[in-house]
Amino acid sequence: MAAEQSRLSATHVLEYPYRRSVGPIMGRFLTGLRDRRISGVRTGDGSIVVPPLEYDPATGAPVTEFVDVGPLGVVTTWAWVTTPRAKHPLTQPFAWALIKLDGADTGLLHAVDAGSADTMKTGMRVKPRWRDERVGDIRDIVCFEPEGS
Amino acid sequence: MRDVAIVSFAQAKNVRRELDANEVEMVMPVVSEAVEQSGIPRREIGFTCSGSCDYLAGQPFSFVSALDAVGAWPPISESHVEMDGAWALYEAWVKIQIGDIDSALIYAFGKASMGDLPDVLTLQLDPYYVAPLGPDSVSMAALQARAYLEATGRSERDLAAVAARSRKDAKTNPAAQVTGDFDPERLLGEPYLVSPLRKHDCPPISDGAAAIVLASGDLARKVCKRPAWIRGIDHRIEAHGLGNRDLAKSLSTAEAGRRAGLGTGAVDIAELHAPFTHQELILRDALGLGNEVRVNPSGGPLAGNPMMVAGLARFGEAARVLMDGQASRAVAHATSGPCLQQNMVAVLEGE
C-alpha cells in the first residue's frame with residue numbers, strides 16, 4: 001500500500017530519568033556495602049530492620065542507631081526461577097529469597113545461586129557473594145549462596 | 001454518614017491484546033453504558049474520577065487524554081488517582097460524604113499489552129534496595145505463596161482448586177478472558193512458572209476498562225430499583241518491604257474489613273481482588289470468610305486482570321449480584337502494590 005511507504009515514524013525512548021538522593025540512613029547502608037559491611041537500624045521495640053528504613057514501620061518514629069548484621073543469614077521463603085528474565089541478577093536458574101541476616105529481625109530480598117531447586121530449603125543458611133568492584137549499590141552483593149559452598 | 005450506592009456498572013471484555021481501540025476508545029463505550037444504565041443525565045453527574053497508570057501507557061499524564069471519553073467541555077469537576085479505579089471510587093465516595101454532590105462517575109482503564117507487564121510492574125518497587133535487582137511480579141508473588149503454604153500447611157492442590165473454580169465460574173461472565181473446565185489434578189501436572197506457582201496460579205495479562213456510577217440516598221432510590229448500598233468502606237496499607245511484614249497473612253485486609261463493619265453480619269458473596277491463587281486464600285483468612293461464602297462468582301482476577309481496573313470491577317461485580325437480587329450482603333475488595341501491600345474492603349448491601 002502506498003500509504004505504508006509514506007507513513008511517518010519516530011523513535012520514542014521511554015525513560016523516567018529521575019536522580020535520587022539516598023540520605024543518611026539508606027546512604028550509610030549502601031556505603032557500608034563497599035566495605036562488605038551490612039548494617040541495619042534499631043527501632044523503638046528493639047528489633048533490627050535490614051535493609052534499614054528511615055522510620056519505624058510500626059510507629060513511623062525516626063530511627064537513629066545502626067547495628068551491623070550478618071554476613072550470614074537464614075532463608076525464610078524462596079521462589080525458584082527456571083528461566084531468568086533479562087533484568088534478573090543471574091542468567092542461570094536461581095532462587096529469589098527473603099534472607100534474615102544473623103542479628104536482624106526482618107528479611108532482605110535477594111537472589112540465591114543454589115544450582116538446583118533441590119538445594120533450596122526454608123531455613124537454609126546462606127552467605128553473600130561480593131562483587132569485586134563495589135560502588136555502594138545493593139548489587140554490590142552479586143547474590144547469596146549456600147553457606148558450605 | 002450519607003447513604004451512597006452503586007447504581008450501575010459496565011466493563012469491557014478482558015482481552016490479552018486490544019488491537020483495534022486506544023484507551024479513549026476502550027473507555028468511551030463503558031462510560032456511556034454505565035451512565036445510560038444509571039438513569040442520571042450525564043450533565044447532572046456531580047463528579048468524575050478515574051484510575052489508571054502512566055507507566056502502562058508509557059507517557060506522563062496519559063489520563064488527561066482519556067478524558068476525551070467522558071466529554072470535559074463545558075468544564076466538569078474531575079480527578080484522577082494513579083491507582084486502581086477502586087481508589088477513585090473511594091475518592092468519589094468521600095466527596096459525596098462531604099455533601100456538595102449527589103452522584104459520581106468512576107472509570108478505570110489499563111492497556112498492559114503496550115509493554116512487558118512484569119518489567120513495568122518492577123518499576124513500582126523500592127528504587128534503592130529492590131528495583132535494581134529486577135524482581136518481577138510473579139517471582140514476588142511466588143515468595144508469598146511459599147511463605148503461605150509453609151505457614152499454613154495448605155498445598156499446591158488447594159491453589160489449583162482455586163484456579164479451577166475461578167475459570168469454571170467465569171464461563172458465565174461475558175467479560176472474562178480465561179474460562180473453562182479444568183481438572184485440578186491435571187493442572188498440577190503443568191510445569192512451574194516460578195515455583196511454587198504454575199501458570200494457572202497467576203492472572204492473565206489483560207487489557208480492559210470499567211465504569212461505575214455512584215449516587216446518594218434519594219437519588220439512588222429514584223434511579224435504581226435495587227441500589228447496592230456501600231455500608232462501610234476502608235483501606236489500609238502495610239510496609240513496602242516484603243521482608244518487613246508477614247507475607248502469609250494480610251493484616252491490612254483484616255483491619256480494613258473490621259473498620260468497614262464486616263463483622264456485623266453474614267455475607268453471601270465476596271468479590272476479592274486476588275490476582276494469584278494463594279492470595280484468595282490469604283484474603284479469605286483475613287476476612288474470616290467461611291466455605292458458605294461464595295468467592296468470586298464472576299471468576300475474579302484469575303479469569304481477567306486488567307491493571308488498574310480489576311479492583312473497581314470487583315466492586316461492580318459484587319454490586320451487580322446485589323442489584324440483580326441474587327444476594328443481600330456482599331464484600332468487595334481491591335488491592336494495590338506487590339503481595340497485597342495495600343487493601344480496600346467494602347461491605348455492600350441490597351435494599
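Protein chains in written order, with our numbering: chain A, 1 to 149; chain B, 1 to 351. Each residue gets a CB set at the ideal place from its N, CA and C atoms; glycine is no exception. Computed from a predicted structure; not experimentally measured.
For a test of the three-state rule: what should DSSP assign to residue i, helix, strand or coil?
i, result
"tryptophan 93(B)", "helix"
"valine 34(A)", "A small correction: the amino acid at residue 34(A) is arginine; valine does not occupy that position in the sequence shown. Three-state result, arginine 34(A): helix."
"asparagine 244(B)", "helix"
"lysine 225(B)", "coil"
"glutamine 177(B)", "coil"
"leucine 105(B)", "strand"
"phenylalanine 29(A)", "helix"
"aspartate 218(B)", "helix"
"threonine 122(B)", "helix"
"aspartate 137(A)", "coil"
"arginine 167(B)", "helix"
"serine 206(B)", "strand"
"valine 7(B)", "strand"
"proline 127(B)", "coil"
"serine 195(B)", "strand"
"alanine 10(A)", "coil"
"glycine 350(B)", "coil"
"aspartate 234(B)", "strand"
"valine 162(B)", "helix"
"proline 135(B)", "coil"
"glycine 23(A)", "helix"
"glutamate 145(A)", "strand"
Would you mind stating whether residue i and residue j have Cβ atoms separated by less than 8 Å?
i, j, result
"glutamate 145(A)", "leucine 72(A)", "no"
"threonine 82(A)", "proline 93(A)", "yes"
"serine 195(B)", "alanine 79(A)", "yes"
"leucine 242(B)", "proline 127(B)", "no"
"proline 133(B)", "isoleucine 138(A)", "Checking the displayed sequence, the identity of residue 133(B) turns out to be leucine instead of proline. Against a cut-off of 8 Å, the Cβ pair of isoleucine 138(A) and leucine 133(B) comes out as a contact."
"cysteine 202(B)", "glycine 110(B)", "no"
"phenylalanine 29(A)", "proline 52(A)", "yes"
"proline 148(B)", "leucine 287(B)", "According to the sequence as given, residue 148(B) is tyrosine; it is not proline. Contact: no."
"arginine 198(B)", "proline 191(B)", "yes"
"leucine 348(B)", "arginine 231(B)", "yes"
"leucine 187(B)", "alanine 163(B)", "yes"
"aspartate 234(B)", "arginine 259(B)", "yes"
"valine 130(B)", "alanine 209(B)", "no"
"isoleucine 6(B)", "leucine 312(B)", "no"
"aspartate 169(B)", "asparagine 291(B)", "no"
"alanine 256(B)", "valine 345(B)", "yes"
"serine 103(B)", "valine 213(B)", "yes"
Shortest alpha-carbon distance to residue i belongs to which of the options?
i, options, result
"tyrosine 18(A)", "Glu44(B), Glu33(B), Ile98(B) and Leu123(B)", "Leu123(B)"
"valine 267(B)", "Ala260(B), Ser252(B) and Leu289(B)", "Leu289(B)"
"valine 142(A)", "Asp45(A), Ala111(A) and Ala10(A)", "Ala111(A)"
"glutamine 326(B)", "Pro227(B), Asp285(B), Ala92(B) and Leu67(B)", "Pro227(B)"
"lysine 100(A)", "Ala220(B), Val120(B), Ser155(B) and Asn244(B)", "Asn244(B)"
"cysteine 49(B)", "Thr264(B), Arg165(B), Ser137(B) and Phe63(B)", "Phe63(B)"
"alanine 34(B)", "Ala330(B), Gln342(B) and Ala319(B)", "Ala319(B)"
"valine 70(B)", "Gly46(B), Gly153(B) and Gln342(B)", "Gly46(B)"
"glutamine 279(B)", "Asp158(B), Asp324(B) and Phe315(B)", "Asp158(B)"
"arginine 43(B)", "Pro275(B), Ile101(B), Lys225(B) and Gly265(B)", "Ile101(B)"
"alanine 66(B)", "Val27(B), Glu82(B) and Ile40(B)", "Val27(B)"
Complete beta strand (DSSP E) runs within the region 50 to 134 of chain A (minimum length 3 residues, chain order): The beta strand (DSSP E) runs of length 3 or more contained entirely in the region 50 to 134 of chain A are, from start to end of the chain, 66 to 69, 73 to 81, 94 to 101, 108 to 112 and 125 to 130.
- Check distances from the C-beta atoms of the region 123 to 143 of chain A to those of chain B and list, in chain order, the residues that come in under 7 Å. Listed in sequence order: Asp137, Ile138 and Arg139.
- request: Go through the region 240 to 309 of chain B residue by residue and report every complete run of the beta strand (DSSP E) that reaches 3 residues or more, in order.
  value: Here the runs fully enclosed are 269 to 271.
Subject >> alpha helix (DSSP H) runs contained entirely in the region 15 to 77 of chain B, provided each spans 4 or more residues >> reply: Runs of the alpha helix (DSSP H) lying entirely within the region 15 to 77 of chain B, each at least 4 residues long, are 23 to 38, 54 to 57 and 62 to 66 in chain order.
Residues from the region 105 to 123 of chain B in contact with chain A, defined by Cβ distance under 8 Å:
Of all residues in the region 105 to 123 of chain B, those with a C-beta nearer than 8 Å to a C-beta of chain A are Pro118, Asp119, Thr122 and Leu123, reading in chain order.
Pull out every residue of the region 89 to 110 of chain A whose Cβ sits closer than 7 Å to any Cβ of chain B, in chain order.
-> Of all residues in the region 89 to 110 of chain A, Pro89, Trp96, Leu98, Thr106, Gly107, Leu108, Leu109 and His110 have a Cβ within less than 7 Å of some Cβ in chain B.
Pick out the complete alpha helix (DSSP H) segments inside the region 310 to 345 of chain B, 4 residues or longer, and give them in chain order.
As far as the region 310 to 345 of chain B is concerned, its whole alpha helix (DSSP H) runs of at least 4 residues are 310 to 323.
Quiz item: Between the region 80 to 95 of chain B and chain A, which residues of the former have CB atoms less than 9 Å from a CB of the latter, in chain order?
Solution: For the region 80 to 95 of chain B, the beta-carbon criterion of a distance under 9 Å to any beta-carbon of chain A is satisfied by none of its residues.
What are the residues in the region 49 to 67 of chain B lying within 7 Å of chain A by C-beta distance? Result list: Gly58.
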